[in-house]
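Numbering (our numbering), first residue to last: 584 to 889. For each residue, glycine too, the CB sits at the ideal point set by N, CA and C. Fair warning: this is a prediction, and the values are worked out from it, not measured in the lab. Data first, discussion second: the structure below is written as structure tokens.
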């Protein structure tokens, strides 16, 4: 069945808006490591508050938004299976955050960040194994280019050592969980709205993170208003706004392309760290950033729906 010119134009317009939302969401999430660094509590406790403080925000948004008309992505969960599928997205996201935080403690920040960003590889592999999803050669070249750019971006800080082996494995496991989260949300968005998914998934994420935070021995509560401010900013910014935009975009873009596009995060994080903390950005980092952006553009060309 062929599409009329008007329907094709409308679809392409929505996809362009989705790409813009995806990049804004990714850039917003790039501020998360900065807020984690500024937090008065430890990384696991910070992750717990990231989810806990986001819950009332999601439910407030859900209460104020008008109920959508019957259309794709407008259903409400009504069976145990529906709630389990949504809850699993929350489990994947919490596992991603928790395992990444442990990876940071057991290896270098550069290693854990680089390995966590191989999620697009697992998205492609998981899509092929589970759903027989195929990708083009152009997309694979773009993926390889973007991953090379991320490697170059962080190469100066990488540290290969047997002492970091477990931490590096946890970094890879982080990528597996984040890939599972992206694929899960992409499937859920075909039936449920972004707010519906998040208002049920994020409480599950908080429940999963609570024992992790307690086991870490970290202080759970900040002691100053500024400390609470950083946690609220983390929940409202990267979690509600950033993850919300990405979840919305996943309903309108191939998940493989969306996953590659999220590699703009380390580029943004490097720029923010340079602006706020004076961290050095040299020629190598600049070349890596350009290659990442070029790889994303190439992956986009290989992901255009015919």
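- A direct Cα-Cα distance of roughly 15 Å separates residue 875 from residue 613.
- Setting aside the 5 residues that flank it on each side, residue 642 is surrounded in the same chain by 782, each with a C-beta closer than 8 Å to its C-beta; the list follows chain order.
- Taking C-beta atoms as the reference points, residue 822 and residue 780 fail to come closer than 9 Å.
- Look at the beta carbons and you see the region 812-819 touching the region 623-638: at least three pairs across the two are nearer than 8 Å.
- Ranking 616, 601, 826 and 733 by CA distance to the CA of residue 855 puts 616 first.
- In the three-state reduction of the DSSP assignment, residue 801 falls in the coil class.
- When the beta-carbon positions are compared, residue 647 and residue 825 stay at least 9 Å from each other.
- Counted as a single uninterrupted DSSP element, the alpha helix (DSSP H) harbouring residue 643 occupies residues 637-647.
- The beta carbons of residue 827 and residue 727 sit no closer together than 9 Å.
- DSSP, read as helix, strand or coil, puts residue 623 in coil.
- Within the same chain, 658 come within 6 Å of residue 775 by CB-CB distance, once the 5 residues on both sides are set aside.
- Judged by their CB atoms, residue 838 and residue 766 are nearer to each other than the 9 Å cut-off.
- Counted as a single uninterrupted DSSP element, the alpha helix (DSSP H) harbouring residue 767 occupies residues 748-771.
- Residue 624 places its beta carbon less than 9 Å from that of residue 803.
- The residue among 593, 676, 849 and 763 with its C-alpha nearest the C-alpha of residue 633 is 676.
- DSSP, reduced to helix, strand and coil, places residue 614 outside both helices and strands of the structure shown, so it counts as coil.
- Residue 809 sits exposed, since fewer than 16 C-beta atoms from the chains shown fall within 10 Å of its C-beta.
- For residue 843, the enclosing alpha helix (DSSP H) covers residues 838-844.
- Contact check for residue 771 against residue 669 passes: the beta carbons are separated by less than 9 Å.
- Within the model, the alpha-carbon separation for residue 769 versus residue 777 is close to 10 Å.
- Taking 9 Å as the cut-off, the Cβ atoms of residue 591 and residue 814 do not count as close.
- The beta carbon of residue 735 lies closer than 7 Å to those of 867, 870, 871 and 874 in the same chain, with the five residues before and after it left out.
- Judged by beta-carbon spacing, residue 795 lies beyond the 9 Å limit of residue 622, meaning their Cβ atoms are not closer than that value.
- Annotated as proximal: residue 842 and residue 762, with beta-carbon spacing under 9 Å.
- Burial check for residue 711: the Cβ neighbour count within 10 Å stays below 16, so the residue is exposed.
- Just so you know, the alpha carbons of residue 858 and residue 605 end up roughly 23 Å apart.
- The continuous alpha helix (DSSP H) containing residue 703 extends over residues 702-714.
- For the 9 Å CB-CB criterion, residue 699 and residue 757 form a contact.
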